[in-house]
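Heads up, the thing below is written out as structure tokens.
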Amino acid sequence: MKQNNLIISTVVAIGVIGCGGSSGGGQSGGGSTPGTNAYSEVPLTISAPSIIPVLGKNSTNTVMFIHNNTTKSISNISYSVLGSNSNKISIDPKSAGGCSVIPAGGVCRVGITTPNGASQGSNLIQAQYQNPNNKAKAIYTQLFQYQEMNSLNTGEPFSTNTNGLALDGKGKGSRALYYYIPGSSTYKVSASPTSPAVIVRDQTLANNQDAVGNMTIFAYDIDVPLNIDKSKVSSTGSYFLKVSATSPNGSKSNSLELGAQTVASTPVISLGLAQIVDSTQESQIQVPVFNGGTAAASQLQASLTGGSTGATIISNNCSSTLSAGTGCLVTIGIPQNSVNTDNLRVMYAEESSETFHSANTSLAWYKSAVEPVISYTYTLPTFYATQGTNLDVTLTNQISGSSPVTVQSIQFISAASSPTASASVNLGSGVKPCSTNQLTAGNSCTFNLNLNDAQIQSSGNSVFLLTGKKPDGSLYKRYLNVNYVASSYNSVLALTSSDTPFQLVGDAASVSEKVFTLINTGAAPAVLESVIAGESVTNVQTSWFKSKESGGPVICKKGVTLNQGDSCNFTIVMGPIAYTSIAAPLTDSGLTPVKVTYYQSGIVDLKSTSNLYNYIVQPNSQDVGISNLTISGAVSGDGSQANPVTFKGSDTGSKTISVEYTNTGTNPITILSLNNTANPFMWTLGGTCTVGYTLQPDTKCTITYTSAIANYSNSGYSGYSDNTNMNITTPEIGIKDTVTGEIFVSSNDVFPAPISSKTLYANTQLAKVTNVVSQSSGNTMLYQTVTNATGYAPFQITFDAENYFNNPVAAAGCSFTSANTVLSQSCTVSGNATFSPTLPNADWAKSVGATLNINFGISGTNGQAVLNTPTFVQSDIQ
Numbered sequence: 000m001k002q003n004n005l006i007i008s009t010v011v012a013i014g015v016i017g018c019g020g021s022s023g024g025g026q027s028g029g030g031s032t033p034g035t036n037a038y039s040e041v042p043l044t045i046s047a048p049s050i051i052p053v054l055g056k057n058s059t060n061t062v063m064f065i066h067n068n069t070t071k072s073i074s075n076i077s078y079s080v081l082g083s084n085s086n087k088i089s090i091d092p093k094s095a096g097g098c099s100v101i102p103a104g105g106v107c108r109v110g111i112t113t114p115n116g117a118s119q120g121s122n123l124i125q126a127q128y129q130n131p132n133n134k135a136k137a138i139y140t141q142l143f144q145y146q147e148m149n150s151l152n153t154g155e156p157f158s159t160n161t162n163g164l165a166l167d168g169k170g171k172g173s174r175a176l177y178y179y180i181p182g183s184s185t186y187k188v189s190a191s192p193t194s195p196a197v198i199v200r201d202q203t204l205a206n207n208q209d210a211v212g213n214m215t216i217f218a219y220d221i222d223v224p225l226n227i228d229k230s231k232v233s234s235t236g237s238y239f240l241k242v243s244a245t246s247p248n249g250s251k252s253n254s255l256e257l258g259a260q261t262v263a264s265t266p267v268i269s270l271g272l273a274q275i276v277d278s279t280q281e282s283q284i285q286v287p288v289f290n291g292g293t294a295a296a297s298q299l300q301a302s303l304t305g306g307s308t309g310a311t312i313i314s315n316n317c318s319s320t321l322s323a324g325t326g327c328l329v330t331i332g333i334p335q336n337s338v339n340t341d342n343l344r345v346m347y348a349e350e351s352s353e354t355f356h357s358a359n360t361s362l363a364w365y366k367s368a369v370e371p372v373i374s375y376t377y378t379l380p381t382f383y384a385t386q387g388t389n390l391d392v393t394l395t396n397q398i399s400g401s402s403p404v405t406v407q408s409i410q411f412i413s414a415a416s417s418p419t420a421s422a423s424v425n426l427g428s429g430v431k432p433c434s435t436n437q438l439t440a441g442n443s444c445t446f447n448l449n450l451n452d453a454q455i456q457s458s459g460n461s462v463f464l465l466t467g468k469k470p471d472g473s474l475y476k477r478y479l480n481v482n483y484v485a486s487s488y489n490s491v492l493a494l495t496s497s498d499t500p501f502q503l504v505g506d507a508a509s510v511s512e513k514v515f516t517l518i519n520t521g522a523a524p525a526v527l528e529s530v531i532a533g534e535s536v537t538n539v540q541t542s543w544f545k546s547k548e549s550g551g552p553v554i555c556k557k558g559v560t561l562n563q564g565d566s567c568n569f570t571i572v573m574g575p576i577a578y579t580s581i582a583a584p585l586t587d588s589g590l591t592p593v594k595v596t597y598y599q600s601g602i603v604d605l606k607s608t609s610n611l612y613n614y615i616v617q618p619n620s621q622d623v624g625i626s627n628l629t630i631s632g633a634v635s636g637d638g639s640q641a642n643p644v645t646f647k648g649s650d651t652g653s654k655t656i657s658v659e660y661t662n663t664g665t666n667p668i669t670i671l672s673l674n675n676t677a678n679p680f681m682w683t684l685g686g687t688c689t690v691g692y693t694l695q696p697d698t699k700c701t702i703t704y705t706s707a708i709a710n711y712s713n714s715g716y717s718g719y720s721d722n723t724n725m726n727i728t729t730p731e732i733g734i735k736d737t738v739t740g741e742i743f744v745s746s747n748d749v750f751p752a753p754i755s756s757k758t759l760y761a762n763t764q765l766a767k768v769t770n771v772v773s774q775s776s777g778n779t780m781l782y783q784t785v786t787n788a789t790g791y792a793p794f795q796i797t798f799d800a801e802n803y804f805n806n807p808v809a810a811a812g813c814s815f816t817s818a819n820t821v822l823s824q825s826c827t828v829s830g831n832a833t834f835s836p837t838l839p840n841a842d843w844a845k846s847v848g849a850t851l852n853i854n855f856g857i858s859g860t861n862g863q864a865v866l867n868t869p870t871f872v873q874s875d876i877q
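Numbering-wise, the sequence shown is residues 0 to 877 according to numbering that gives the first Met the number 0.
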């Protein structure tokens, strides 16, 4: 065991505690076993705030931090301050409107302002919103406190602390810390966590930004990881925020302890700081009562324990049971034109238990400016149960112009404190001892407490009665409430990881990895035993997960010992998973637990820590995509609609368009079908992307389109013209995942830029031979007109006609042959021209009513494409 001292001896931030410690607000955030309601996600939380500093009774403008802890947007959020008292915290409507919608995982700031002229007080602030998971109306409540601050350590950063955390239900707690810089100098302030597990989510003062003493209030929003160990959620020990302030007079660094402990099955009742009121103007004091634990408090009983002060409880809207994350109000009537102090005490128990706990807050009222009012501030202490700690408490006479007070005694009131608490008081120690310094108006003194508790306390409470003497000999009395955390000397492992979910494709091949960090936030060494993921929940299988020894310089594995503050890392791999194997009760998305078992060194009593993490298994979707495009044999164009690819029929070289496809999926695929959308009279299909071809991930194959116009241009096909449209549309390709057996169709492929569409635009310019036959005045008139032949090499046009003619004359540049009653003409073409032979009809042919059949053809093209139309004409001899 360690010697009797503060666990965190370097903490110098001061806390004003007039109530039991708040441990957060909202719904349940921890639980006994994964999958129970205690692990349920809390959609929206307000970071648990430290006490807001008030400087010189002015109002303080600052912010509260609102967290969306879900993977969905939260909308219809509204904010309100509970209570009927007019002098309360106000909410900035503009920033509240801006935070009426918070995106998934987001943090939003809402401006708040403390009442002007109030030295201390508290309010319950409530957020109403629509739960994104079920669209139901939901409420989250948080306790906010404020108090005038006076620091004896002028020039050092000054902060309050709280033992509370706003639990998100998924392994983190959030806290808002408020700072100010005393004195009159200008400082450059920076803050950073001492552990990578602690995350500063937001801050109102950027690092190294100027902060003016006694003017600048700034806030940090901090996420602290939690340990979920069987029935409790806790975060204790070695988490710090280091704050550095640099001025022309030098630099100072201080560390603020961020640890807290919340037992998941235990209520924690906190009473807000009560306003110090002028009894000539006010007749009542309203005190918020808040259950910051994660279980309901029962048998609530409120009473005043200060004796015959004249104060009475006139209203109490707290029922006998107060649910976790909710609050209520107790209103105390005070005698007007009087001065006195009292103590409000609320007794409560866990449900189905007769063991009572208490929470206290001090009440004070005065009737003139000469009446003193003593406030007190201290740093929230954390110590080992039975070992205790020493703590300095600062007293300040807050009322300007009031009578001085000489402190005579400070008595520990055991009956009002936690049952196993003990304390002793030393008035002669501290920076400015109360035993030798009179408390004049605006001045301070310090005394020392030795505070202990025989049992572990997540929110211990100790009450003291201050007795002092005023110059006229009358007594001044004030109750002081000092809260604390008494932890056990044990090992406590906190498990943390990023908010990024496990996310993979259910292709039986993909995996997703997350790196986790374990930190021993307890005092005793911890020895690791095992790492388990996906245990004891119905929606996942443990076979989906395996641990991997990677992720950091120190690897978490069986037998590794972590001393206080030590950390190690490990990796959890999810997958591979076949999406087709996910059948009820398994789900393709949700929360999965990751659990680490360990034991305290020397005590083989197995413990565990676990948190829940989001996972998403996406449906398998294998695909191919166009990765490249090559055009050969074109004279111009890029294939876009504005600039089509143009081929020339006079070019005898190959005209091709090659489309490269890549397997963009994660598994090997086999091509099952290829729907050729290209016109077969325009293109022939080739390449390596053929039915039965198997592509490994990220490998390629090609579909090659080769122009077929030269093969068919003399066929008489009506789809040809002298400027033939031969566009190509990307085909549908049927593929099979060779791992899972699933079949997919790739049908939305787009050609690369500048085409950027499913259609590649192309055309071929062709020489055209137009054939016309007519009968007139005993002659057959036959015309062969050649157009668009510029640039063509010479080729021959022909016709074969039944020979029903007398002495026909060939067209210029052409020749006749006649055999077997067939007359043939052949003309050599070297450009645009018209060929018209004169064919006198034979009389005998007319007399028998002969029908003339003519075939038109093209030869000698040597690979050039020439359009011939029509290829056959039938005419009656006249």
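For glycine and all other residues, C-beta sits at the position ideal for the given N, C-alpha and C.
query: Does the count of Cβ pairs from the stretch 622-636 and the stretch 581-594 closer than 8 angstroms reach three?; result: no
query: What is the rounded straight-line gap between the Cα of ALA508 and the Cα of THR737?; result: 11 angstroms
query: Would you say the stretch 860-867 touches the stretch 806-817, given that touching needs at least three Cβ pairs under 8 angstroms?; result: no
query: What are the boundary residues of the alpha helix (DSSP H) that GLY97 is part of?; result: 92-97
query: Roughly how many whole angstroms lie between the Cα atoms of TRP843 and ASN674?; result: 57 angstroms
query: Looking only at C-alpha atoms, which of ALA761, TYR375 and ASN359 sits nearest to SER417?; result: ASN359
query: Considering just the uninterrupted stretch of the alpha helix (DSSP H) at SER413, what are its terminal residues?; result: Premise fails: SER413 is in no alpha helix (DSSP H) and is neither H nor E.
query: Comparing C-alpha positions only, which one of GLY116, TYR719, LEU450 and ALA485 sits nearest to GLY398?; result: Per the sequence shown, residue 398 should be read as Ile rather than Gly. Closest by alpha carbon: GLY116.
query: Count the other CB atoms, across all protein chains shown, that sit within 10 Å of the CB of VAL595; report buried if there are 16 or more and exposed otherwise.; result: buried
query: In whole angstroms, give me the CA-to-CA distance for HIS66 and SER118.; result: 29 angstroms
query: Could you compute how far the alpha carbon of ALA108 sits from the alpha carbon of LEU270?; result: What sits at residue 108 in the sequence shown is Arg, not Ala. Going by the C-alpha atoms only, they are around 25 angstroms apart.
query: From the DSSP output, read off the bridge partner residues of LEU81.; result: In the DSSP output, where bridge partners are listed per residue, LEU81 has none listed.
query: Expressed to the nearest angstrom, what Euclidean distance is found between the alpha-carbon atoms of ASN290 and GLY533?; result: 32 angstroms
query: Going by the C-beta, is SER509 closer than 7 angstroms to any heavy atom of the ligand PLP?; result: Absence of the ligand PLP is noted for the structure shown, with no ligands found whatsoever.
query: Please check the pair SER443 and THR395, which I expect to be a contact at CB under 8 angstroms, by giving their CB distance rounded to whole angstroms.; result: 4 angstroms
query: Taking the alpha-carbon positions, what's the ILE16 to PRO575 distance?; result: Only weak support is given to the placement of ILE16: the predicted model assigns it a pLDDT of 24, under 50, and the question is left unresolved by the model.
query: Check for me: the beta strand (DSSP E) holding LYS735 runs from which residue to which?; result: 731-736
query: I need the DSSP call for ASP842, collapsed to helix, strand or coil.; result: helix
query: Counting Cβ pairs closer than 8 angstroms, one from the stretch 417-434 and one from the stretch 325-343, do we hit at least three?; result: no
query: How big is the Cα-Cα spacing for PRO247 and ILE180?; result: 14 angstroms
query: Compare the beta carbon distance of THR728 and THR676 with 8 angstroms and say whether it is the shorter of the two.; result: yes
query: Going by CA-CA distance only, name the one from LYS71, SER457 and ALA218 that's closest to THR419.; result: SER457
query: Quick check: what's the CA-CA separation for GLN884 versus ASN342?; result: Because residue 884 is not part of the residues shown, which for the chain are 0 to 877, the question remains open.
query: Comparing alpha-carbon positions, which option in THR608, ILE571, VAL536 and PHE544 lies nearest PRO584?; result: VAL536
query: Cα-Cα, which of GLY309, SER302 and ALA310 is closest to CYS317?; result: SER302
query: Run the CB neighbour count on PHE355, radius 10 Å, all protein chains shown included, and call it buried at 16 or more, exposed below.; result: exposed
query: Could you pull the DSSP bridge partners for GLN125 from this structure?; result: SER79 and THR140
query: What residues in its chain sit with their C-beta under 6 angstroms from that of ASN183, if we drop five residues either side in the sequence?; result: According to the sequence provided, residue 183 is Ser. The question's Asn does not apply to it. Hits under 6 angstroms: GLY212.
query: Who pairs with TRP682 in a beta bridge, going by DSSP?; result: SER706
query: Quick test of your reading: GLY879 and ALA788, contact by CB under 8 angstroms. State the CB separation rounded to the nearest angstrom.; result: Here the chain has residues from 0 to 877 only, and residue 879 is not among them.
query: Could you compute how far the alpha carbon of ALA522 sits from the alpha carbon of LEU492?; result: 10 angstroms
query: For PRO862 and ALA709, what's the separation of their Cα atoms in angstroms?; result: Pro is not the amino acid found at residue 862; the sequence shown has Gly there. Cα-Cα distance, rounded: 7 angstroms.
query: PHE217 and TYR178 - do their beta-carbons sit closer together than 8 angstroms?; result: yes
query: What are the residues that DSSP puts in a beta bridge with GLU659?; result: ASN627 and THR701
query: Within its chain, find whatever has a CB closer than 6 angstroms to the CB of GLY691; leave out the 5 residues flanking it on each side and keep chain order.; result: none
query: Give me the Cβ distance between LYS366 and ASP277, rounded to the nearest whole Å; I'm assuming they're in contact under 8 angstroms.; result: 7 angstroms
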